[in-house]
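Structure first, then comments.
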Amino acid sequence: LNILVDTGSSNFAVAGVPDPDVTSYFNPELSSTYRSQGIEVTVKYSQGSWTGVLGTDVITMPKGLYGSYTINIATILESENFFLPGVKWHGILGLAYDALAKPSSSVETFFDSLVRQAEIPNVFSLQMCGAGLPVSGSGTNGGSLVLGGIEPSLYTGDIWYTPIKEEWYYQVEILKLEVGGQNLELDCREYNADKAIVDSGTTLLRLPEKVFSAVVQAIARTSLIQEFSSGFWTGTQLACWDRTEKPWSLFPKLSIYLRDENSSRSFRISILPQLYIQPILVIGDNLQCYRFGISSSTNALVIGATVMEGFYVIFDRAQRRVGFAVSPCA
Numbered sequence: 001l002n003i004l005v006d007t008g009s010s011n012f013a014v015a016g017v018p019d020p021d022v023t024s025y026f027n028p029e030l031s032s033t034y035r036s037q038g039i040e041v042t043v044k045y046s047q048g049s050w051t052g053v054l055g056t057d058v059i060t061m062p063k064g065l066y067g068s069y070t071i072n073i074a075t076i077l078e079s080e081n082f083f084l085p086g087v088k089w090h091g092i093l094g095l096a097y098d099a100l101a102k103p104s105s106s107v108e109t110f111f112d113s114l115v116r117q118a119e120i121p122n123v124f125s126l127q128m129c130g131a132g133l134p135v136s137g138s139g140t141n142g143g144s145l146v147l148g149g150i151e152p153s154l155y156t157g158d159i160w161y162t163p164i165k166e167e168w169y170y171q172v173e174i175l176k177l178e179v180g181g182q183n184l185e186l187d188c189r190e191y192n193a194d195k196a197i198v199d200s201g202t203t204l205l206r207l208p209e210k211v212f213s214a215v216v217q218a219i220a221r222t223s224l225i226q227e228f229s230s231g232f233w234t235g236t237q238l239a240c241w242d243r244t245e246k247p248w249s250l251f252p253k254l255s256i257y258l259r260d261e262n263s264s265r266s267f268r269i270s271i272l273p274q275l276y277i278q279p280i281l282v283i284g285d286n287l288q289c290y291r292f293g294i295s296s297s298t299n300a301l302v303i304g305a306t307v308m309e310g311f312y313v314i315f316d317r318a319q320r321r322v323g324f325a326v327s328p329c330a
């Protein structure tokens, strides 16, 4: 089963019955180690939801950890807008804190179970690859999830850490945004108004409405393209170029400034156009079409996969901090 790694939720769940959009599923009746707890659980995401039954089963790790571990697992019995056509995954691994676990925070999360039973450090790290590659790729773009530590071969340069403000989502503090080196000059409360989180399960970079419109205006102003239909910015239209042209040189880079561990400082993560202008569709022999990888949000600022694909991200729960380092696959 392919599992979506989601740092924005806290339940581990897999398809437990056939579904038109799922190629395979977990049948607990065929598992001698599965134990149902008979507790119904529903999880709602910013897009989609599912309902299932809570149980436990035994897992092993493909490499590095030699042992078997008992973890909570929900079997998904019905869902809405969760398994979408063409997705290559059959379940979700929520890696956020137990505060977000359903039906209550007493449901030990997958990673908490692993830390307790395997006695690994309370750190995991994620390298998502795929920048500049077609969104609907074959799924062979690579990427790594490291449980219990940091893998030096997955990053270059230094790791910069920002404190986790509250342990539920991976909530961080954003101090400013720049487009093409120009500060947006918004009050930093606008960036953190509801919350700012690092969430691998969200595809795009999502910005509160006021921040989003300021970013779009700044990109439109600094890009080398004269006219752009508003549908491109709102996500309802694609922009297409001849396949021999790469449009990334026409767009500015974005920079997000995060509070440093040394709270009097900040550091920036730069989001190149290759990350936020995303190839999604080929038309005929010579047109490549792209989508805008940033969208507006009614609540949180979400550093989603669009941004994370440029970095090796360390979720250092032991020291209550999130680290960013440059990823060689970006």
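Heads up: the sequence shown begins at 1 in UniProt numbering, then just goes up one per residue.
Here a beta-carbon is modelled for each residue, glycine too, at the ideal position from N, C-alpha and C.
Taking all protein chains in view, the Cβ of S9 is crowded by 16 or more other Cβ atoms within 10 Å, so the residue is classified as buried. Around S229, the same chain offers Q237 as residues with beta carbons nearer than 7 Å, after the five sequence neighbours per side are excluded.
Secondary structure at D187: coil, using DSSP grouped into helix, strand and coil. Between D194 and Y169, the C-beta spacing is not below 8 Å. Within its own chain, the residues whose Cβ lies closer than 6 Å to the Cβ of Y97, once the five positions on either side in sequence are excluded, are E167, W168, listed in chain order.
Listed in chain order, the beta strand (DSSP E) runs fully inside the segment 167-251 are 170-172, 174-179, 196-198, 205-208, 239-242, counting runs of at least 3 residues. In the structure shown, E29 adopts helical secondary structure according to DSSP, grouped into three states. Per DSSP, T75 is one residue of the beta strand (DSSP E) stretching across 68-80. DSSP, read as helix, strand or coil, puts Y45 in coil.
In the DSSP assignment, V326 is bridged to T156, F311. Assignment of S296 by DSSP, reduced to helix, strand and coil, places it in the strand class.
Residue pairing of F267 in beta bridges, as defined by DSSP: L258.
Residue state for V14 is assigned as strand, using DSSP reduced to three classes. For G52, the closest alpha carbon among the candidates L114, I59, S79 is that of S79.
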